[in-house]
Amino acid sequence: MLHRVISRARWALLNIPWIRESRERRAIQDWLCSGKAGATPHAVKQANLRQLQRRYEVQTLVETGTFRADMMVALGLYFDKLYSIELSEELFNYSVQRCRDLKNVELWQGASEDVLAEICSKLKGRVLFWLDGHFSGGDTALGKTECPVTSELDVIFSQSQITPIVLIDDAREFVGKRSYPTVAEIVQQANQYSRMHVTVSDDAILIVPECIYG
């Protein structure tokens, strides 16, 4: 019991905004100084999403793979509305508690390929998507396939009322194994719907419609 209280107190302290931001800046600086060696820090992923938000003037974020709601907590202050989908019921319940004070965050439980269409049907205009719902071992949930990105992209690109800006995490995994498509296959899939500009950076695949890229 005491250990749990201490853990919660430590978590609360580390998530005081100015402490968290200082820690994130240090993580980014250390990673850059190392020549981007090792895994991309979560702080870099947050920064990249915020950069895309500013660049394309997006106020809605949709995430697949809530996990423990780190991205929702980090970006909750910067978007008007945030949606996140988590397959694991346990992680979903944890995230609901963690995000209980974030009134602009809406959490959904279920398979992303099933839930995403319902969320997208509510949206219009530019929407930023962060696709991180693929299975990566540990506490992450395994659905029908290890990587539902192909199905997720089909749902996203079929929504004619939105202009999607898509960032897919873990680009290194997209080599055509274990239900992961290759980057080339993602490019081909995206261009079946519209002309898209696709780039890979910081272990993420970015897809932006040519009509707004720049």
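Quick note on the numbering used here: the sequence shown kicks off at 3 and runs consecutively.
Note that the Cβ used here is the ideal one computed from N, Cα and C, for glycine as well.
Worksheet item: Alpha carbon to alpha carbon, how far is Ile209 from Asn106?
Response: The residue you call residue 209 lines up with position 207 of the sequence shown. The residue you call residue 106 lines up with position 104 of the sequence shown. Distance between the alpha carbons of Ile209 and Asn106: 25 Å.
Worksheet item: Three-state secondary structure (DSSP) at His136?
Response: Taking the first residue of the sequence shown as 1, we reach residue 136 at position 134. Residue state, collapsed to three classes: coil.
Discussion item. Beta-carbon within less than 6 Å of Arg100's beta-carbon, same chain only, minus the 5 sequence neighbours each way: which residues are those?
Written reply: On the sequence shown, residue 100 is found 98 positions in, with the first residue counted as 1. Correct list, in chain order: Ala71.
Worksheet item: What residues in its chain sit with their C-beta under 7 Å from that of Gln111, if we drop five residues either side in the sequence?
Response: Position 109 of the sequence shown holds residue 111. Here the set comprises Glu88, Glu91 and Phe94.
Worksheet entry | Where Asp156 falls: helix, strand or coil (DSSP) | The residue you call residue 156 lines up with position 154 of the sequence shown. Asp156: helix per DSSP, three-state reduction.
Worksheet item: Since Val189 is in the alpha helix (DSSP H), which residue starts that stretch and which ends it?
Response: As a working mapping, residue 189 is identified with position 187 in the sequence shown. Start and end: Val185 to Tyr195.
Fill in: Those residues which DSSP pairs with Gln163 across a bridge
Walking along the sequence shown from the start, residue 163 turns up at place 161. Per DSSP, none; premise fails for Gln163.
Worksheet item: Hey, how far is the Cα of Arg56 from the Cα of Asn50?
Response: Locating residue 56 in the sequence shown gives position 54, where the first residue counts as 1. Locating residue 50 in the sequence shown gives position 48, where the first residue counts as 1. If I take the Cα positions, the gap works out to 10 Å.
Practice prompt. Let me know the secondary structure DSSP gives Glu148 once reduced to three states.
Written response: As a first step, residue 148 is located in the sequence shown; it is residue number 146 there, counting from the start. Coil.
Worksheet item: In three-state DSSP terms, what is Val60?
Response: Taking the sequence shown and counting its residues from 1, the one referred to as residue 60 is at position 58. In this structure, Val60 counts as coil in the three-state DSSP scheme.
Discussion item. So, with DSSP's three-state summary, where would you put Phe176?
Written reply: In the sequence shown, the residue the question calls residue 176 occupies position 174. Residue state, collapsed to three classes: coil.
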